[in-house]
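*Asks:*
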Amino acid sequence: MANKTKFDVEITTYACVIPFALIALVAFGIILYFIHKSPRYHNVFGILCSAYAAFHIQTISVLVLFAVCRIIQNQHSVNIPWNKIARLTSPLANSTLYGAIWVHFVLAINRLCAIAYPVDYHRIFCMRNARITVVSIWLISMLINGLYYNDLHSWSTLYGPCNHYYLAYIAMLLSDGIVVITVVVDTITFYRVVKYLKVSLNSKFTVCSVTVFIQLQENKRGSRVVREGMMQDITFFKETSVSTVIHIFFIIVYRFPNPFVSRVTKIGYMWLAMQISDGLVFAFFNRRLLIKRNTVAVRQKNETVRVNAPNKISAINDTKKAVSMKKM
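If you count the sequence shown from 1, you need to add 49 to reach the numbering used here.
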């Protein structure tokens, strides 16, 4: 009876993971679509955000596969080679999970350079370097997790059981440690944003430093371009910083002991909630662009109807004339 109750609880737990995972998949799918369609994200920041979303999509997809396999195994309907599945799913899920954390750190560095060093930003970050960074992060994370799960270990995220305890501390450094460093970088960027806004209010020019102000003082159009670009960079920083706060919040929640929920279940739900929150944050900061895009689509549709309406009327009149001529 106790075993049956345990199996029922496990099945319910894994079954509840699937709808949350599907919501997260839809959220990140919308993010990828919006980044692809919006010219605002056709830059280095957009490439990094696309990689961040794609990494999470891979992690969520493997998590869904894991949940389905566990449900089937608990039902004893199919004999699943669980050892082989664990060796396959663990590196696939954890590699992109670590990769998303590292890409988020790169995004924090990207925002710091864009706001603090706008003149040198394009020399540091370019489209080619961004793609190389994303591919390198994915390969390194796959290599690390492939070596870690070379021996048989149970499913885990962030860091899991291992015969060598020091590997758990290394995994903690590569996950929680990177998140803490990201918080430090975002704090420095926030300080530079506040400093920039103070200079903007005092000088009535939205520039990020005295050097740029002197260079653009004789060119009002150039100062306007810098102002618009800087405000967009600040908006991007808001997105990444709020996402960092969400990560810290859920990591703290995870650290609280809960004897009623297993470690794997807690981590799974924590990451799903984190990813859904990331999708909501992205939608919130881009709500104006989304509304604007829908408005433009409606206007284009109305203009098309207005243009085609006279043509349709003339075609109907021509048809009537042809019918009347035949009758005569």
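For every residue, glycine included, the Cβ atom is placed at its ideal position computed from N, Cα and C. Nothing here was measured: the structure is a model prediction, and the numbers come from that model.
Could you tell me the boundaries of the alpha helix (DSSP H) in which HIS171 lies?
*Replies:* It spans 170 to 173 - the alpha helix (DSSP H) in which HIS171 sits, taken as one unbroken run.
*Asks:* So for PHE83, helix, strand or coil by DSSP?
*Replies:* Residue state, collapsed to three classes: helix.
*Asks:* Put TYR166 into one of helix, strand or coil per three-state DSSP.
*Replies:* Coil, per DSSP.
*Asks:* Indicate whether LEU74 and ILE106 have their beta-carbon atoms separated by less than 9 Å.
*Replies:* Yes; because the gap between Cβ atoms is below 9 Å, this pair is in contact.
*Asks:* Can you find the residues in the same chain that come closer than 7 Å, C-beta to C-beta, to TYR240, ignoring five residues on each side of it along the sequence?
*Replies:* Excluding residues within five positions, none has a Cβ falling inside 7 Å.
*Asks:* Report the option in VAL291, MET319 and GLY95 whose CA atom is closest to the CA atom of CYS175.
*Replies:* Of VAL291, MET319 and GLY95, the residue nearest in Cα terms is GLY95.
*Asks:* Just mark PRO68 as buried or exposed, buried being the case when its beta carbon has 16 or more other beta carbons within 10 Å.
*Replies:* PRO68 is exposed by the Cβ-count criterion.
*Asks:* For HIS296, does the three-state DSSP call read helix, strand or coil?
*Replies:* Here HIS296 sits in helix by DSSP.
*Asks:* Should ALA76 be labelled buried (16 or more other beta-carbon atoms within 10 Å of its own) or exposed?
*Replies:* By the 10 Å Cβ count, ALA76 comes out buried.
*Asks:* Does DSSP put PRO140 in a helix, in a strand, or in coil?
*Replies:* PRO140 falls in the helix class under three-state DSSP.
*Asks:* Helix or strand or just coil, what does DSSP make of THR206?
*Replies:* Unreliable positioning characterises THR206 in this predicted model, as indicated by a pLDDT of 43, which lies under 50. A coordinate reading is not provided.
*Asks:* Is PRO167 closer than 9 Å to TYR279 when the C-beta atoms are compared?
*Replies:* Position check: residue 279 holds Met in this sequence, whereas Tyr was assumed. It is a contact, given that the beta carbons lie within the stated cut-off.
*Asks:* Report yes if the C-beta distance between THR293 and ALA157 is below 9 Å; otherwise report no.
*Replies:* Yes. Within cutoff.
*Asks:* Which of the three DSSP states, helix, strand or coil, is assigned to ASN335?
*Replies:* DSSP places ASN335 in coil when its eight states are reduced to three.
*Asks:* So for HIS91, helix, strand or coil by DSSP?
*Replies:* If DSSP states are grouped into helix, strand and coil, HIS91 belongs with coil.
*Asks:* Between which two residues does the alpha helix (DSSP H) containing SER185 stretch?
*Replies:* It spans 176 to 197 - the alpha helix (DSSP H) in which SER185 sits, taken as one unbroken run.
*Asks:* How about LEU112 and VAL152: do their beta carbons lie closer than 9 Å?
*Replies:* Contact flag unset, no.
*Asks:* Could you check whether GLU288 and VAL242 sit closer than 9 Å to each other, using their CB atoms as the reference points?
*Replies:* No, the pair does not count as a contact, with Cβ atoms beyond the cut-off.
*Asks:* CB ILE186 to CB VAL155, shorter than 9 Å?
*Replies:* The answer is yes: Cβ separation under 9 Å.
*Asks:* Quick one: Cα of VAL117 to Cα of TYR101, how far?
*Replies:* Their Cα atoms are separated by approximately 25 Å.
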